[in-house]
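Below is one structure; the comments refer to it alone.
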Amino acid sequence: AVGAAMRLGAVLSALRPALPLLLGLSLGCSLSLLRASWSHGAAEERCLAPGPPAPPARGDPPEAAEGRPGPGHEDFRPRIVPYYRDPNKPYKKVLRTRYIQTELGFHERLFVAVLTSKATLNTLAVAVNKTVAHHFPRLLYFTGLRSAKVPHGMVLVAHGDERPIWLMYETMNYIHQHFGSDYDWFYIMQDDTYAQAEQVKALVTHLSINQDVYLGRAEEFIGGDEQARYCHGGFGYLLSRSLLLKLHPHLDSCRNEILSVRPDEWLGRCIIDFLGITCVSQLQGQHYRTYELAKNTEPEKEEEEDFQAALAVHPVSDMTLMYRLHKQFSRIQLDRVYQEIQDLQMQIRNLTALTPAGEAGVTWPVGINAPFLPKSRFEVISWDYFTEQHLFSCPDGSPKCELSGASKADVSEIIESAVEQLNRLYQPLLRFSKRQLLNGYRRFDPTRGMEYTLDLLLEAATQKGHSHVLAKRVSLVRPLSKVEIIPMPYVTEATRVQLVLPLTVQDLDFVANFLDMFAMNTLDTHDNALLTLLFIYHPYDAQRVGQMDVFAGVKAMVGELEKRYADVKIPWISVKTEVPSQVKLMDIVSKKHPVDTLFFLASVWTEINMEFLNRCRMNTISNWQVFFPVHFQEFNPALVYRGEQTASSNTDFLRDGHFDRHSFAEACFYNSDYMTARTKLAADILDRDEVLESMEVFDVFLHYSGLHLFRAVEPGLVQKYTLRSCNPRLSEELYHRCVLSNLEGLASRSHLAMALFEQEQANST
Numbered sequence: 016a017v018g019a020a021m022r023l024g025a026v027l028s029a030l031r032p033a034l035p036l037l038l039g040l041s042l043g044c045s046l047s048l049l050r051a052s053w054s055h056g057a058a059e060e061r062c063l064a065p066g067p068p069a070p071p072a073r074g075d076p077p078e079a080a081e082g083r084p085g086p087g088h089e090d091f092r093p094r095i096v097p098y099y100r101d102p103n104k105p106y107k108k109v110l111r112t113r114y115i116q117t118e119l120g121f122h123e124r125l126f127v128a129v130l131t132s133k134a135t136l137n138t139l140a141v142a143v144n145k146t147v148a149h150h151f152p153r154l155l156y157f158t159g160l161r162s163a164k165v166p167h168g169m170v171l172v173a174h175g176d177e178r179p180i181w182l183m184y185e186t187m188n189y190i191h192q193h194f195g196s197d198y199d200w201f202y203i204m205q206d207d208t209y210a211q212a213e214q215v216k217a218l219v220t221h222l223s224i225n226q227d228v229y230l231g232r233a234e235e236f237i238g239g240d241e242q243a244r245y246c247h248g249g250f251g252y253l254l255s256r257s258l259l260l261k262l263h264p265h266l267d268s269c270r271n272e273i274l275s276v277r278p279d280e281w282l283g284r285c286i287i288d289f290l291g292i293t294c295v296s297q298l299q300g301q302h303y304r305t306y307e308l309a310k311n312t313e314p315e316k317e318e319e320e321d322f323q324a325a326l327a328v329h330p331v332s333d334m335t336l337m338y339r340l341h342k343q344f345s346r347i348q349l350d351r352v353y354q355e356i357q358d359l360q361m362q363i364r365n366l367t368a369l370t371p372a373g374e375a376g377v378t379w380p381v382g383i384n385a386p387f388l389p390k391s392r393f394e395v396i397s398w399d400y401f402t403e404q405h406l407f408s409c410p411d412g413s414p415k416c417e418l419s420g421a422s423k424a425d426v427s428e429i430i431e432s433a434v435e436q437l438n439r440l441y442q443p444l445l446r447f448s449k450r451q452l453l454n455g456y457r458r459f460d461p462t463r464g465m466e467y468t469l470d471l472l473l474e475a476a477t478q479k480g481h482s483h484v485l486a487k488r489v490s491l492v493r494p495l496s497k498v499e500i501i502p503m504p505y506v507t508e509a510t511r512v513q514l515v516l517p518l519t520v521q522d523l524d525f526v527a528n529f530l531d532m533f534a535m536n537t538l539d540t541h542d543n544a545l546l547t548l549l550f551i552y553h554p555y556d557a558q559r560v561g562q563m564d565v566f567a568g569v570k571a572m573v574g575e576l577e578k579r580y581a582d583v584k585i586p587w588i589s590v591k592t593e594v595p596s597q598v599k600l601m602d603i604v605s606k607k608h609p610v611d612t613l614f615f616l617a618s619v620w621t622e623i624n625m626e627f628l629n630r631c632r633m634n635t636i637s638n639w640q641v642f643f644p645v646h647f648q649e650f651n652p653a654l655v656y657r658g659e660q661t662a663s664s665n666t667d668f669l670r671d672g673h674f675d676r677h678s679f680a681e682a683c684f685y686n687s688d689y690m691t692a693r694t695k696l697a698a699d700i701l702d703r704d705e706v707l708e709s710m711e712v713f714d715v716f717l718h719y720s721g722l723h724l725f726r727a728v729e730p731g732l733v734q735k736y737t738l739r740s741c742n743p744r745l746s747e748e749l750y751h752r753c754v755l756s757n758l759e760g761l762a763s764r765s766h767l768a769m770a771l772f773e774q775e776q777a778n779s780t
């Protein structure tokens, strides 16, 4: 008994630390069971016996079987559709759409249709195209008959009949057929209507697309129902996509049954009779404001609130009036924007005063990002010095060059803006006029924009006619504006890349490493890439090729690769020349490949990898863009490390080297683009071979293609250090670039200074 008591005491002492936990679990389980019994008792239990589901209780929202939402909740409750594949059917690869927007069913926002005629196509329609067309995402012109020559920059659809009702009928059919599934809103206007494009775009962003919308200037039918309204076509009107889809099946009936002289009345009667929807001027808190112009109206003198708030103005009698209206509304919009900026700046000042930094935290200009603060001397953004005639930081590296083109226009505009701002601050007490720009500095800050500092020699005149010459320093900022996404053609990473490798006798020591990297990164990974070798023989070596082929070792390496990879063929082309011009070599390769071939012109020091090949595919667009990567050139290890072990860890990637901006040896382009540019070059030089020797493929595309030339640093192209041999028979510019590439590729300034210091130390001892 004593032993049992001792064992029980030992067990209790062991469980004593866990006793609060056990008590808490017991109490929690008891409370949960008690709460469950209360909830079941308060609610009516439903029978779960097998059979058809019971009808919902009165007042409850109707729900479909299996818990799916009822009719009023389709747009708010998601449903997960399980994937099921019939095992008896063969597997078929799912074809994905090119853009995620298409796959998700997104639509563009606004489509605009302008109704014009043969008589006004070259006048009012051109005025619409020059004023507001570029503000809309998509705009088409519809006419019955067209003239022999369509004005430049206009997309015109001619229906072949000038009858107004027929034009409206065919236009609605065309819009539904070609754009009904792509856009949410359709804006119909006439060519004698001036519409504020930005206001129309802002209007559709505040309207729900789930309703049938017929919005415009509501007008009564002549002798018709007092409650029914149609939208006046002269002031434009807005249709939703849902209304267009419902209206399309009834257009034929409307054409046959409804008689009207005006097309806008015909369309309004069709919508009312078959859909029961009347035109409204206000919807969802948004107003469609219009203004009717009187004869001999002066837009510059219109100060009425209705005019300034109008989305559409009608009628516009001639082109000049259209341009004057556009100028006036642009001025009104600009004044509104400036006022909004001032209000926002005032709010920022008031709020900044309440922050811990106080008024000292207000940046200049107010609302613009603060200047970039460098964390080390290597991040300091340098200033470029300029005068009214010269720039002292030139693109080609020269210390001084003439100010011209966009840079000259930029400097002139910024000086005029500075004087204008000074006059705005000091008038009417003082009026400034520029005499001379003493000093000018500018730099591009990627966080805020272009910054300027100007030392101006000004002449200040008082109200009494006294004048005085003084120097004043001003600072200006041209801030970065709204970022726009540039539409680009669709490209894919599945395109086959054709590598072209020119080889000379001086390159033989590096071919083995190139082929090893090519086999490891493309052949082993089954990348869609091919290789063509271009053997460049000197005339002396070409005569002795029967006795001793200088490229025999390379051909043996190629044979070994073809044995190792049975499905791989590496062709080669032999060329005899003393001057290996890049353009002449590319002419030979281009003729032996299809026009849709994507070329990558490589160098023997390039280490091919899949990452770069994908960027080559994505950055090269047929008939649009060519890609010239800037490879990373490693420094001479003898100067950088001076006998120490070479750093090879990942943390030292791209550290001891530089991006060689003097080299244009690597390029990605399509054969069709090269052939087009080469044809233009041939017509210009008339087969003068000496001109080709002074050009590279980059020059051909730059001067004769009209394509986008995308040149950017490429961290995926890393080349080991080697001293390149510069051919003196090439042009002076090409030879000079080659020498500069060798010199700048030796080492950085700090490494060169340390090497000179150690050499002087060794000489002094």
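The number in this note's numbering is simply the position in the sequence shown, starting from 1, with 15 added. Beta carbons are placed, not taken as given, at the ideal position from N, Cα and C, and that holds for glycine.
- Look at T537 here: in three-state DSSP terms it is helix.
- Between the alpha carbons of A682 and N454 lies a distance of about 41 Å.
- In the DSSP assignment, E466 falls within the beta strand (DSSP E) that extends over 464 to 477.
- Within the region 248 to 279, the alpha helix (DSSP H) runs of at least 4 residues that lie entirely inside it are, in chain order, 256 to 262, 266 to 272.
- For A762, the three-state secondary structure derived from DSSP is coil.
- For I551, the enclosing beta strand (DSSP E) starts and ends at 544 to 552.
- Each residue's CA atom was taken as its position, placing L722 and W379 some 40 Å apart.
- The beta carbons of T519 and S490 sit about 55 Å from each other, so the pair does not count as a contact at 8 Å.
- Residue burial annotation: T635 is buried, with at least 16 other C-beta atoms found within 10 angstroms of its C-beta.
- By the Cβ test, the region 529 to 539 is in contact with the region 605 to 623, since at least three Cβ pairs between them sit closer than 8 Å.
- Boundaries of the beta strand (DSSP E) around H483: 482 to 494.
- The distance from the Cβ of F679 to that of F643 is about 6 Å, consistent with a contact at the 8 Å cut-off.
- By the 16-neighbour rule on beta-carbons within 10 angstroms, N778 is exposed.
- Counting the other CB atoms within 10 Å of its CB gives M690 a total below 16, which places it among the exposed residues.
- In the DSSP annotation of this structure, the continuous segment of the beta strand (DSSP E) that includes T305 starts and ends at 305 to 307.
- Ranking V573, L253, Y552, F525 by CA distance to the CA of D564 puts Y552 first.
- In the displayed model, P644 falls within a strand according to three-state DSSP.
- Excluding residues up to 5 positions away in sequence, V147, M204, G251, L326, A327 lie with their Cβ nearer than 7 Å to the Cβ of A210 in the same chain.
- In terms of Cβ geometry, W281 and M361 do not form a close pair [threshold 8 Å].
- For the options K216, H193, S332, the alpha carbon positioned closest to that of G249 is the one of S332.
- Counting along the chain, no alpha helix (DSSP H) covers Q205; the unbroken beta strand (DSSP E) around it starts and ends at 198 to 205.
- With fewer than 16 other beta carbons inside 10 angstroms of its own, V754 counts as exposed.
- Separation of P609 and L516 (C-alpha to C-alpha, rounded to the nearest whole angstrom) is 18 Å.
- G376 and V434 have their C-alpha atoms some 28 Å from each other.
- Around the Cβ of N311, a 10 Å sphere holds fewer than 16 other Cβ atoms; the residue is exposed.
- Nearest Cα to R579 within the set S257, R304, L538, P179: L538.
- About 20 Å separates the beta carbons of S257 and D279, which is beyond the 8 Å limit, so they are not a contact pair.
- By the criterion of at least three beta-carbon pairs nearer than 8 Å, the region 171 to 189 is in contact with the region 152 to 163.
- Following the DSSP letters along the chain, one finds C409 in no alpha helix (DSSP H), marked with neither H nor E.
- Here DSSP, grouped into helix, strand and coil, assigns W281 to helix.
- Nearest neighbour of Y229 by Cα position, chosen from D267, W181, G283, M187, turns out to be G283.
- By the neighbour-count criterion, in which a residue is buried when 16 or more other Cβ atoms sit within 10 angstroms of its Cβ, H329 is buried.
- Listed in chain order, the beta strand (DSSP E) runs fully inside the region 387 to 439 are 399 to 401, counting runs of at least 3 residues.
- With fewer than 16 neighbouring CB atoms inside 10 Å of its own CB, F459 falls in the exposed class.
- Counting of Cβ neighbours within 10 angstroms places I585 among the buried residues, the total reaching 16 or more.
- The beta carbon of N144 is closer than 6 Å to those of M169 in its chain, skipping five residues each way along the sequence.
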